[in-house]
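Enquirer: Counting in the numbering used here, the sequence shown runs from 500 upward without gaps.
Ideal Cβ positions, reconstructed from N, Cα and C, are used throughout, including at glycine.
The structure presented is a predicted model; accordingly, all values stated were derived computationally and were not measured.
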Amino acid sequence: MSDCLSLYVHIPWCRIRCGYCDFNTYVLGALPNQDMHQYVRALREEIRVAAQTLGDRRVTTIYIGGGTPTLMPSEDYQTILDQIGEVFEIADDAEITTEANPETLTMDHLVRIRATGVNRLSLGMQSSAPHVLTTLDRVHTPGRVAEAVDWARGAGFTNLSLDLIYGTPGESMADWRDSLRTAVDLAPEHVSAYSLIVEEGTGLARRMAAGQLPYPDEDDLADKYICADEILSTAGFQWYEVSNWSKPGYECRHNLAYWRCQPWWGIGAGAHSFIDHQRWWNHKRPETYIQALANTGSPIAGSEQLTADQAHTESVMLALRLREGIDKSVLTRQERGRALAYVQSGHLAHPGSRFVCTQAGRLIADGIVREILD
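Structural data, given as structure tokens:
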């Protein structure tokens, strides 16, 4: 069997740019000489470059993210997936995800997207509280999420994820509980719950620096994480990564590939790739990405080869975010000793030969990694 591969496809366009967003996104129509069809043609070319570079690979997951991929017509989805299938083997059971914002969806659009082979939908719900959505610059109403879920089910999607954000200024604990319960009532197979991260250079960061909004409170974030874990666990979801819960068998296989340091190629403007301990990234601006491919046959803006120490650090950091944890054989003797101290403090469990974060440990997972590494 050929080596397995995950593909990420980046669609950088959005209708508006949310104030908290630090992703490589651009407002549709705001850039000069913007042509989505030209961009999709460039994606096809990079897919060919990937196949020429890697040779025989079996694609097991495809993730179309953004931005807002569902601004694309279904014909562009088909073009992208057809190109992947032309140069790679796509596994019969491949997980093929698209991200989606509720306001960009209709029943007809979802039916057409599903017909292209996309079989998993990741829907940006964020919150059920209108004032929280306003602070986040989200333009959909809470009721639109329920409509989109109904349409997705009618279109044949049986693998649905809802994305939530907690810790937005002005969000009460009651608001957060209501968002969680609303999400559970919509019966998705998967829920992601991320704490609000204030990224430098975003509109939200500028408002906080100006004193217009308060910064997130660490105790509030911890309380809301515990609330999420309790409500989702009671509803039959199981955490499998610090910020992700799923019904059994519905873990996001694409993201697991990232966290397990398996090979993946990122296609599109600003996309990152990771294969054989080498990481590289593409030019960020769509027009630069397109031009680089046309002029040089490569969209790569930079790269790095991880040293053994860097690869070890990264593998430990990512593994400890997972429910499966990390086998003690991966750690040095000194690192195992420091990990055992966290077992004593209740932050790590030690079933068999593995170290796994407890709920208390998940709250400080990054700090645990920093402390135990040589």
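Quick check on the burial criterion: 16 or more other C-beta atoms within 10 angstroms. Buried or exposed for residue 528?
Expert: Under this definition residue 528 is an exposed residue.
Enquirer: I think residue 835 touches residue 870, with their Cβ atoms under 8 angstroms apart; what is that distance to the nearest whole Å?
Expert: Contact flag wrong, Cβ pair sits at about 13 angstroms.
Enquirer: Take residue 800 as the anchor and find which of 676, 766, 813 has the nearest alpha-carbon.
Expert: When each option's Cα is compared against that of residue 800, the closest is 766.
Enquirer: Is the Cβ-Cβ distance between residue 778 and residue 755 less than 9 angstroms?
Expert: In this structure, residue 755 does not lie closer than 9 angstroms to residue 778 by Cβ.
Enquirer: Using CA atoms only, rank isn't needed, just tell me which of 574, 612, 673 is closest to residue 719.
Expert: Residue 673 is the option with its Cα nearest to residue 719.
Enquirer: Alpha carbon to alpha carbon, how far is residue 566 from residue 586? Give it in angstroms, no decimals.
Expert: Approximately 26 angstroms, taken between the alpha carbons.
Enquirer: Taking residue 579 as the reference, give the member of 563, 833, 763 with the closest Cα.
Expert: When only C-alpha atoms are compared, the closest one is 563.
Enquirer: Which partner residues does residue 658 have in the DSSP bridge list?
Expert: In DSSP, residue 658 forms no bridge with anything.
Enquirer: Whole angstroms are fine: how far does the CA of residue 663 sit from the CA of residue 874?
Expert: With the chain running from 500 to 873 in the structure shown, residue 874 is simply not present.
Enquirer: Going along the chain, which unbroken runs of the beta strand (DSSP E) with 3 or more residues stay wholly within the segment 608-642?
Expert: Taking only runs of at least 3 residues, the beta strand (DSSP E) segments lying wholly in the segment 608-642 are 619-625.
Enquirer: Could you tell me whether the Cβ atoms of residue 660 and residue 621 are closer together than 9 angstroms?
Expert: For residue 660 and residue 621, yes; Cβs fall inside 9 angstroms.
Enquirer: Leaving aside the five residues before and after residue 500 along the sequence, list all residues of the same chain whose C-beta is less than 8 angstroms from its C-beta, in chain order.
Expert: Because residue 500 carries a pLDDT of 38, less than 50, the predicted location of this residue cannot be relied on, and the following value inherits that uncertainty. Closer than 8 angstroms at the Cβ level, and outside the excluded window around residue 500, lie 557.
Enquirer: Quick one: what does DSSP say residue 839 is sitting in, helix, strand or coil?
Expert: Residue 839: helix per DSSP, three-state reduction.
Enquirer: Give me, in chain order, the residues of the same chain whose beta-carbon lies closer than 6 angstroms to that of residue 677; leave out the 5 immediate sequence neighbours on both sides.
Expert: Closer than 6 angstroms at the Cβ level, and outside the excluded window around residue 677, lie 627.
Enquirer: DSSP has residue 779 in a bridge; who is on the other side?
Expert: Its beta-bridge partners are 772, 802.
Enquirer: CB residue 619 to CB residue 594, shorter than 9 angstroms?
Expert: For residue 619 and residue 594, yes; Cβs fall inside 9 angstroms.
Enquirer: Would you please state the rounded distance, in angstroms, between the beta carbons of residue 820 and residue 741? I believe it to be under 8 angstroms.
Expert: Contact flag correct, Cβ pair sits at about 5 angstroms.
Enquirer: List the whole-angstrom C-beta distance separating residue 724 from residue 695, where the pair is believed to meet the contact cut-off of C-beta under 8 angstroms.
Expert: In fact, because the Cβ distance is near 12 angstroms, the residues do not count as touching under 8 angstroms.
Enquirer: In the DSSP assignment, what are the bridge partners of residue 738?
Expert: For residue 738, which the question treats as bridged, DSSP gives the partners 744.
Enquirer: Roughly how many angstroms lie between the CA atoms of residue 505 and residue 781, to the nearest whole one?
Expert: Cα to Cα, residue 505 sits roughly 17 angstroms from residue 781.
Enquirer: Pop quiz: residue 568 and residue 597 are said to be a contact at Cβ under 8 angstroms. What is the actual Cβ separation, rounded to whole angstroms?
Expert: At roughly 5 angstroms, the Cβ-Cβ gap stays under 8 angstroms, so residue 568 and residue 597 are in contact.
Enquirer: Just how far apart, CA to CA, sit residue 852 and residue 816?
Expert: One C-alpha to the other measures close to 18 angstroms.
Enquirer: So, for residue 609: in the same chain, excluding its five sequence neighbours on each side, which residues have a beta-carbon less than 6 angstroms away from its beta-carbon?
Expert: Once the five neighbours on either side are set aside, the close Cβ partners of residue 609 are 650, 651, 654.
Enquirer: Run the CB neighbour count on residue 698, radius 10 Å, all protein chains shown included, and call it buried at 16 or more, exposed below.
Expert: Classification of residue 698: exposed, given that the 10 Å Cβ count is below 16.
Enquirer: With DSSP collapsed to three states, give me the class of residue 501.
Expert: With a pLDDT of 49 at residue 501, under the threshold of 50, the predicted position of this residue should be treated as unreliable, and no value is reported.
Enquirer: Give the DSSP-derived three-state secondary structure of residue 714 in the structure shown.
Expert: Three-state DSSP puts residue 714 in coil, outside helix and strand.
Enquirer: I believe residue 768 touches residue 746 by the beta-carbon criterion, under 8 angstroms. Please report the beta-carbon distance rounded to the nearest angstrom.
Expert: Actually they do not touch by this definition, with Cβ atoms about 34 angstroms apart.
Enquirer: Mark residue 637 as exposed unless 16 or more other C-beta atoms lie within 10 angstroms of its C-beta, in which case mark it buried.
Expert: With 16 or more Cβ atoms within 10 Å of its Cβ, residue 637 is classed as buried.
Enquirer: Residue 689 lies in the beta strand (DSSP E); which residues open and close that run?
Expert: Counting along the chain, the beta strand (DSSP E) containing residue 689 begins and ends at 689-694.
Enquirer: Can you list, in chain order, the residues of its chain with a C-beta nearer than 6 angstroms to that of residue 730? Leave out the 5 residues immediately preceding and following it.
Expert: Cβ neighbours of residue 730 beyond the five flanking positions: 679.
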